[in-house]
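From first to last, the protein sequence lines are chains U and A. So for the first sequence, my numbering puts the first residue at 6; every next one is plus one. So for the second sequence, my numbering puts the first residue at 813; every next one is plus one.
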Amino acid sequence: MDKSKTFDLSKTGLTRRTALKGLAATAGLVTAPGFVRYSQAQSSAPIKIGFQSHRTGIGAAYGRWYEKTTAAAIKAINAAGGINGRQVEVIIEDDGTDPGRGAEVVGKFATQHKTDIVFGTLFSHVVIGSAPAAGEAKIPYFVVSEGHHVASTKLNRYVFQPGITDVKSQIQSMAPWIAANAGKKVTQIFPDFAFGYDHRDYLPPALKAQGAEVIAQIAIPPTESSFTKYFPQIPAETEVIYHVMVGPAVLTFVKELGEFYGSNRPQLFGFMDSLEATDINSPGLEFLDGSHFWEGSPRYAQADDSAGQKAYRAAVGIDDNGAAVGDPKDVSTASHMFGCWETLYVVKKAMEDAGYKGPEDRAKLVEATEALTAFAEGPEHPQGPKTFNGKIHQCFGIQNISKVEGGKLKVVHKTKIEDGLYEAEGDYTTQAL
Amino acid sequence: MHFGPHLLLAALEGLVTSAVLALTALGLSLVFGVMRVVNVAHGEFFMLGAVLAWAITTAIGGHPALGFLAALVIAPLIVGVIALVAERLVLRRLNYNPEATIVATIGMLYIIQQLALTFYGPEARPVEPPFSYRILLPWFGYSGYKLSVIAASALLLVATWLVLTRTKIGLVMRATQYDSETAQAFGIPVGRVYGGVFALGAMLAAIAAVLIVPISQAHYLMGQDPLLLSFIVVIIGGLGSLRGTVVAAVLIGLSDGIISVFFSPTLAKIIATLLVAMVLVFRPQGLFGTASR
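Put into structure tokens, the structure is as follows:
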């Protein structure tokens, strides 16, 4: 052995006192609460899920609600006996909504925490930045991101999105409604990064198929804090402004749009991303009245909510207005966070199908997930029924179009799963495990 | 939209940016001019002003103007006290050593930011403007409040200038800036001046933030952009020069508004940064700065 790499205790000056301190610290760690040694290691040790959370950075509002939803789902899963009879434990690491740190966090889960899977990422640039690390570590990576990057088959075999429909499918299923009800000449405003590019690339062909057209596309940097300067680029003949914005400045965006147009505005069709975690009754948003939004899962309780939806809302702790129970100002990210709940139940199903025991079964878990085909609506899938395409690792579900009426969002149209199906662009299952 | 109205909108947007930027940068410039230290945590004092404005308006309720006016007075005072405490506890103990101060204020930046995240949360929260009058121009509508921000900022800048040039406090500050050792020899309490200037700089940032928060919400990361732009403005204008800071703020604000309306916001940032590089190469003391002795 190379001598320079060994520790010579006499030279490092390790005294008896230091050694005793170290011993005491170790003893303290072992007896500390929460530290339980599992004598039968794998059979009863908890399944560990590494949660890559946007705790800080521009995604922080989403991160907090993703954590709440995940905690509620894990509580429900554990109360019902866990996965394969084992309890589930979630380990959270903050990625700062940053792709570089995202990749580091995935590496940390794989090598340091030794989690069974990695889960929970939303922002598409973080997913794209982290996916190679997951592929390299051969650790299954379940994202709740909405972007088309997973289904594009440009990532790798370890990345899945089984809990939320991707943007390409969402757009395709809603384009007929937009063309028929909102208008034929559409101006798009979207954030200048991966998620926005999905909208930029897939809306024009989807609208064209319906006899409508995109007449202008305005990309806005995701860190922008003032938007009025972009509005002159909106052509005067615009009939519909299609907006999808993310990040902390979304409210400013909608407010300034209101100041710019006043009551004499074109139709507005927005993705709820433009207003997630924001009260639609905030000052300055009155002008949204009568406009339409895409919603993944409705923020406001609807008259026809299923029993599963009601139970899910109660478990996560959101009231009929989609805000935290007890704090009406703490508005949730309802359109996206249901995906955490549903993804965890998909992971549970796949782990049970695979007879998953530990990290050595990760490849089996990948294959078991790919073998899934459909998820029925119910307590485990409160947003609605879904189909799953194992070749592109993507699920397909229904979308809601909601109208702002009297300070609430009312679902006026639900798309069908078939409306959003498209031809697969590739096949992950041909890649080696 | 035709060229004329388009340019008008660009100029208005640019002036709002300039107004807020001038106040923020002036705070940074004062601290550097008098104390010869770089305050990297300046943007966080800006953010604190906005977050406190939200807290105060929410606590007071009632007519939005009432809460806003209270915030305009109370938020800068609280931020000033926090800055004063930071100056006493940290900067003074480092003897205002320039390098050590940079590291210490970077630390303060993270501490303030994370405390805001912990106690205020990650959401962007709105503050209602004191009045919501929408000016209807033939081509587009514009927020009346934004125009009032320009006016308020101009008033505050004039007030600061009067304080600096016409009062004893200003005289003491200028004396300390000119030569702190001689000033001390003449009995000026330099330590107290430093504390006051640091607090004043933070308060200017906080006032700017209270003015801007009804336009763009309070968020715990909002301090980063103003910090960067303030540095650009202070370098171009000349460190410690009030006139230079205001001129540079208007220059950067207007060019940012106009270039980003007609071309792209990225190009506006590129040009601003290029301007900094040019100034540093050809006139290192800044457009209105005096060469260091």
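Glycine is no exception: its CB is placed at the ideal position from the N, C-alpha and C atoms. Note that the structure is a prediction, hence the values are computed from the model and not measured.
- DSSP places A:G826 in the helix class (H, G or I) of the three-state scheme.
- Residue environment: U:I52 is assigned as buried (16 or more neighbouring CB atoms within 10 Å of its CB, all protein chains considered).
- For U:P333, the three-state secondary structure derived from DSSP is strand.
- In the structure shown, A:R946 falls within a strand segment according to DSSP collapsed to helix, strand and coil.
- Ranked by Cα distance from U:Q57, the options U:G101, U:S157, U:G90 and U:A84 are led by U:G101.
- In the DSSP annotation of this structure, the continuous segment of the alpha helix (DSSP H) that includes A:A1089 starts and ends at P1077 to F1094.
- Relative to the Cα of U:R304, the nearest Cα in the group U:P288, U:V321 and U:L290 belongs to U:V321.
- For U:D424 against U:S135, the beta-carbon gap comes to about 31 Å, at or over 8 Å, which does not count as contact.
- Within the region 920–985 of chain A, complete beta strand (DSSP E) segments of at least 3 residues are found at 946–948 and 953–955, given in chain order.
- The beta carbon of A:I1027 sits closer than 8 Å to some beta carbon of chain U.
- The beta carbon of U:A199 is closer than 7 Å to those of S129, H130, I133, G152 and H154 in its chain, skipping five residues each way along the sequence.
- Taking a beta-carbon distance threshold of 8 Å, U:T192 does not count as an interface residue toward chain A.
- Look at U:H153 here: in three-state DSSP terms it is coil, with no helix or strand label.
- Distance from U:G252 to U:I63 at the Cβ level is roughly 4 Å; contact confirmed, criterion being Cβ atoms closer than 8 Å.
- Cβ-Cβ distances below 7 Å link U:E357 to I88 and N89 in the same chain, with the five nearest sequence neighbours on each side left out; the list follows chain order.
- Counting only Cβ-Cβ distances below 8 Å, U:S230 has contacts in chain A at S1028, M1034 and D1037, in chain order.
- Legend: CB atoms of the region 238–255 of chain U lying less than 7 Å from CB atoms of chain A belong to residues P253 and A254.
- C-alpha of U:A306 to C-alpha of U:H341: approximately 15 Å in a straight line.
- At least one beta carbon of chain U lies nearer than 8 Å to the beta carbon of A:L821.
- Closer than 8 Å to the CB of U:S287 there is at least one CB belonging to chain A.
- The C-alpha of U:Y163 is placed about 55 Å away from the C-alpha of A:L842.
- Under the DSSP assignment, U:K391 falls in the beta strand (DSSP E) whose first and last residues are K391 to N394.
- U:Y247 is bridged by DSSP to U:Q193 and U:F274.
- In this structure, the CA atom of A:P888 is about 15 Å from the CA atom of A:L840.
- If you ignore the 5 residues before and after U:V111, its C-beta comes within less than 6 Å of the C-beta of V123, S135, A138 and A139, all in its own chain and listed in chain order.
- Two segments are said to touch when three or more pairs of C-beta atoms, one from each, lie closer than 8 Å; by this definition the region 291–301 of chain U touches the region 256–267 of chain U.
- Counting the other CB atoms within 10 Å of its CB gives A:L983 a total below 16, which places it among the exposed residues.
- If you check the CB distance, U:S337 and U:P387 do not come in under 8 Å.
- Between the alpha carbons of U:D171 and U:G402 lies a gap of roughly 9 Å.
- The alpha-carbon separation between U:I422 and U:F380 amounts to approximately 12 Å.
- When secondary structure is reduced to three states using DSSP, U:K419 falls in the strand class.
- Residues of chain U whose Cβ lies closer than 9 Å to the Cβ of A:H818 are, in chain order, P237.
- Scanning its chain for C-beta atoms nearer than 6 Å, with the 5 sequence neighbours on each side dropped, one finds around A:A1080 the residues D1068, I1071 and S1072, in chain order.
- Counting only runs of at least 4 residues, the region 1023–1078 of chain A fully encloses the following alpha helix (DSSP H) elements, listed from N- to C-terminal order: 1036–1049 and 1054–1074.
- Only residues of its own chain outside the window of five on either side were considered, and among them K190, V191, T192, P240, E242 and T243 have a CB closer than 8 Å to the CB of U:I220, listed in chain order.
- Taking a cut-off of 8 Å on C-beta distances, the region 1002–1009 of chain A does not touch the region 814–824 of chain A, as fewer than three cross pairs fall below it.
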